[in-house]
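Numbering (the UniProt record's numbering), first residue to last: 1 to 76. Where a beta carbon is used, it is the ideal one built from N, C-alpha and C, also for glycine. Reading through the structure tokens given below for one structure.
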């Protein structure tokens, strides 16, 4: 598998999986840059604005946790 295929198979982020959105399982993989770009645009538009607002609201807390963990794992 290529790096792009691994990314597409595992998903883009933990937040996407937390939202119970089965993004990519069984989906055809993009075969070129144009298809990948369109795929990303399509997926991005599926993210509810409320989810983005929650991530922005919790950013400071998450950043402090990362610094405290010295870049290691956090509970997020």
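- Item | Range covered by the alpha helix (DSSP H) that runs through residue 53 | 49-57
- Tell me whether the beta-carbon of residue 68 lies closer than 8 Å to the beta-carbon of residue 75. No, these two residues do not count as a Cβ contact at 8 Å.
- Return the first residue and the last residue of the alpha helix (DSSP H) that residue 36 is part of. Element bounds for residue 36: 33-45.
- Message: Quick check: the Cα distance between residue 35 and residue 28, rounded to an integer number of angstroms?
- Response: 10 Å
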